[in-house]
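Participant: Protein chains in written order, with numbering that gives the first Met the number 0: chain A, 0 to 227; chain B, 0 to 252.
All C-beta atoms, glycine included, are put in the ideal place defined by N, C-alpha and C.
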Amino acid sequence: MGDFDFGIIVKNLPFLWSGLLFSFKLFGIALAGGIFFGTLLALGRLSSFRILSSAIGGFVNLVRSIPFIMAIFWLYFMAPEIVKYFTGQQGEAIGPETSAIIAFIMVEAAYFSEIIRAGIQSVPRGQPWAAYALGMNYWQAMGNVVLPQAFRNMVPIMLTQAIILFQDTSLVYVVGLKDFLGAASKAGQISGRIVELYVFVAVVYLVICFGASRLVKYFQARMNAGIR
Amino acid sequence: MEWKVFFEQAPSGGVTYLHWMMSGLMWTLIVSSCAWVIAFTLGSILGVLRTTPIKWLNFAATVYVEIFRNIPLLVQMFLWYFVMPEVLPAELGDWLKQTYPNLIALPFAQFSLWEFTAAVLCLGMYTASRVAEQVRAGIESLPRGQTNAGLAMGFTLPQVYRFVILPMAFRLIIPPMTSEFLTIFKNSSTALTIGVLELTAQSRQIVEYTFVKFAPFAAATMLYIIITLTVIFLMRLLENKVAVPGYVSQGGH
């Protein structure tokens, strides 16, 4: 351990930085897409329209019972086939980055939908009824009355899920994308100094995720104080 | 039909692709079960330590949990597999890289004992941090009066844990433990990055060799679902069997 070479990290900083930026980009897209589609899935799952709710339930449970890497592979190998089937174009039309983004949105939508469903169910039934009684339609009642209260209840658990999502973005390594870990791995292969680069990656992830989890705790404490 | 692919000869060993899938399934189960033993044992100890009044033990357990929870699993996998042999003293590192992998030849595996060990240690110690949090939550959900009553009866603190707190806490945390086991089972697929040919790796390998895309992934997906459902079913049985009368069993996950 005596010959830990910081120089190699400094030399690769621009490359590692571009990798970290890609990790953040994927995180942002997956978070926004996951919450958006997760909300739709949760609303569909709670609808009284049986076929819709059980189809969504099946999809969510399917996605949740396979490994994340398996979902990434599904999209990586099958998305080009699907594009080819519908457009007749050759499969190159969809690359690893796009397929990874779709896989992340899909998986996160499934996980977030379970959180959001629990959040919606935590809002008393009288709330939507009162909204309907005031003459609101479904989308007004959901958008203005139920969801704002539901989201408030689920902020802590959603932030925790967001931290897990940020860690999971490293899984795109398996399709050869240059996220933070992928960049470090590449730089490690070229320079032959994998020890320094992997330790550096671990420390950076630790600082980011530990810091974020402290923030979550802080907000949680403040919100609880506000309610009491 | 695409599904016929499983009965074709695989390029090596004179076996069919079906054999590859089954060996993948076997290694997924072996890796996750071995890792679960570590996760459950270590996680229980850490979880208990996080609730004890002994300050420095409590602090050490907290540090463990925060470190292992806040580094992505894949990064930890690389730390165990690539970094560990390099940072150990030279002789030990060389022994790990050269002698250890050949100690035992693993059955039906195209990887060595070292890949397997690194994967099990990594998954086990990562999941221990999550199990510790569940154990702690389970213990903290019990009324404080239980500990105090135990102490007032003349039990020592270890006895209170052994006879009062833990029997209750472990029953309460069966549902979250089920999902932790399912998580370790799914997370075992990250071992493919260090060469362990488990179920996901085998299905990808078949796709790459045969260019048949749908059937191998669909079969692996179905196997994952079947095991998930089986585990949930067995844990429900266990939960009902050990339920304490009068305590409402929550069920679900």
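Closer than 7 Å by beta-carbon distance: list the chain B residues that pair up with Ala248(A), in chain order.
Facilitator: Residue 248(A) lies beyond the stretch modelled for chain A, which goes from 0 to 227, so this question has no answer here.
Participant: Does the Cβ-Cβ distance between Ala78(A) and Ile93(A) come in under 8 Å?
Facilitator: Contact: yes.
Participant: Using the C-alpha atoms, what's the distance from Ser188(B) back to Pro147(A)?
Facilitator: Near 37 Å, if we compare the C-alpha coordinates of Ser188(B) and Pro147(A).
Participant: Spell out the partners DSSP gives Thr15(B) in its beta bridges.
Facilitator: Per DSSP, Gln8(B).
Participant: Measure the beta-carbon distance from Phe103(A) to Gly37(A) and round it to whole angstroms, keeping in mind my assumption that it falls under 8 Å.
Facilitator: That pair is no contact at about 12 Å.
Participant: With DSSP run on the structure shown, which of helix, strand or coil describes Thr155(B)?
Facilitator: It is coil, neither helix nor strand.
Participant: Within 10 angstroms of the Cβ of Ala148(B), are there 16 or more other Cβ atoms? Answer buried if so, exposed if not.
Facilitator: Result: exposed.
Participant: Output, in chain order, the set of chain B residues within a Cβ distance shorter than 9 Å of Ser212(A).
Facilitator: What Ser212(A) touches in chain B: Glu65, Arg68, Asn69.
Participant: From the DSSP output, in three-state form, read off Thr86(A) for me.
Facilitator: Thr86(A): helix per DSSP, three-state reduction.
Participant: How is Glu179(B) classed by DSSP in three states: helix, strand or coil?
Facilitator: In this structure, Glu179(B) counts as helix in the three-state DSSP scheme.
Participant: Whose Cβ in chain B lies nearer than 9 Å to the Cβ of Tyr204(A)?
Facilitator: Those are Asn69, Ile70, Pro71, Val74, listed as they occur along chain B.
Participant: Taking 7 Å as the limit between beta carbons, can you name the residues of its chain near Gly194(B), skipping five residues before and five after?
Facilitator: Phe110, Glu114.
Participant: Using three-state DSSP, classify Ala108(B) as helix, strand or coil.
Facilitator: In the structure shown, Ala108(B) sits in coil (DSSP, three-state: anything other than H, G, I, E or B).
Participant: Given a cut-off of 8 Å, decide if Phe107(B) and Met25(B) are closer than it, judged by their beta-carbon atoms.
Facilitator: Against a cut-off of 8 Å, the Cβ pair of Phe107(B) and Met25(B) comes out as a contact.
Participant: What would DSSP say about Asp93(B), mapped onto helix, strand or coil?
Facilitator: Three-state result, Asp93(B): helix.
Participant: Which first and last residues belong to the alpha helix (DSSP H) in which Ile162(A) is found?
Facilitator: That run of the alpha helix (DSSP H) goes 146-167.
Participant: In terms of residue numbering, what span does the alpha helix (DSSP H) encompassing Gly18(A) cover?
Facilitator: Counting along the chain, the alpha helix (DSSP H) containing Gly18(A) begins and ends at 5-45.
Participant: Is Ser31(B) close to chain A, meaning its C-beta is less than 8 Å from at least one C-beta of that chain?
Facilitator: By this cut-off, Ser31(B) is not an interface position.
Participant: Report, in whole angstroms, the separation of the C-beta atoms of Val174(A) and Ile71(A), which I expect to be a contact under 8 Å.
Facilitator: Right, the Cβ-Cβ distance comes to about 6 Å (below 8 Å), so this counts as a contact.
Participant: Examine chain A for any beta-carbon lying closer than 8 Å to the beta-carbon of Gly251(B), and answer yes or no.
Facilitator: Residue placement at Gly251(B) is poorly supported in this model, since its pLDDT is 40, which falls under 50; the coordinates still yield a value, given next. No - not a single Cβ of chain A is within 8 Å of the one on Gly251(B).
Participant: Answer yes or no: do Trp35(B) and Phe180(B) have a C-beta to C-beta separation smaller than 8 Å?
Facilitator: Their beta carbons are under 8 Å apart, which means Trp35(B) touches Phe180(B) by this criterion.
Participant: Looking at the secondary structure, which residues open and close the alpha helix (DSSP H) in which Leu233(B) lies?
Facilitator: Its alpha helix (DSSP H) spans residues 213-241.
Participant: Measuring CA to CA, which of Trp2(B), Leu28(B), Thr126(B), Gly23(B) is closest to Leu72(B)?
Facilitator: Residue Thr126(B) is the option with its Cα nearest to Leu72(B).
Participant: Which residues in chain A have a C-beta closer than 7 Å to the C-beta of Ala219(B)? List them in chain order.
Facilitator: By Cβ distance, chain A contributes Met69.
Participant: Do the CB positions of Ala41(A) and Ile163(A) come within less than 8 Å of each other?
Facilitator: Not in contact: Ala41(A) and Ile163(A) (Cβ atoms no closer than 8 Å).
Participant: Using three-state DSSP, classify Arg124(A) as helix, strand or coil.
Facilitator: Note: Arg124(A) maps to coil in three-state DSSP.
Participant: Would you tell me roughly how many angstroms separate the C-alpha atoms of Phe216(B) and Ala54(A), rounded to the nearest one?
Facilitator: Near 21 Å, if we compare the C-alpha coordinates of Ala54(A) and Phe216(B).
Participant: With DSSP collapsed to three states, give me the class of Thr199(B).
Facilitator: Of the three classes helix, strand and coil, the one that applies to Thr199(B) here is helix, per DSSP.
Participant: Under 8 Å by Cβ, that's how I've got Lys212(B) and Glu80(A) pegged, so tell me the actual separation to the nearest angstrom.
Facilitator: That pair is a contact at about 6 Å.
Participant: With a Cβ-Cβ cutoff of 8 Å, do Ile226(B) and Phe184(B) count as a contact?
Facilitator: Going by C-beta atoms, Ile226(B) is nearer than 8 Å to Phe184(B).
Participant: Do you know whose CA, among Ser169(A), Leu205(A), Lys83(A), lies nearest Val62(B)'s CA?
Facilitator: Considering only alpha carbons, the answer is Leu205(A).
Participant: Mapping the DSSP letters down to three states, classify Gly250(B) as helix, strand or coil.
Facilitator: Note that Gly250(B) has pLDDT 43, beneath the 50 cutoff, so the model's placement of it is unreliable and the number below is only indicative. Coil at Gly250(B), not helix or strand.
Participant: Just to make sure I have the definition right: I need the residues of chain B whose C-beta is within less than 8 Å of the C-beta of Tyr197(A). Which are they?
Facilitator: What Tyr197(A) touches in chain B: Val74, Phe77, Leu78, Phe81, Val82.
Participant: Would you mind stating whether Trp79(B) and Leu120(B) have Cβ atoms separated by less than 8 Å?
Facilitator: Against a cut-off of 8 Å, the Cβ pair of Leu120(B) and Trp79(B) comes out as a contact.
Participant: Work out the CA separation of Thr27(B) and Met222(A) for me, nearest whole Å.
Facilitator: Rounded to the nearest angstrom, the two C-alpha atoms are 42 Å apart.
Participant: Go through its chain and collect everything with a Cβ distance to Gly251(B)'s Cβ below 8 Å, but skip five positions before and after it.
Facilitator: Because the pLDDT of Gly251(B) is 40, which lies under 50, any placement of that residue in the model is unreliable, and the number read from its coordinates should be weighed accordingly. So the list reads Pro174, once near-sequence residues are dropped.
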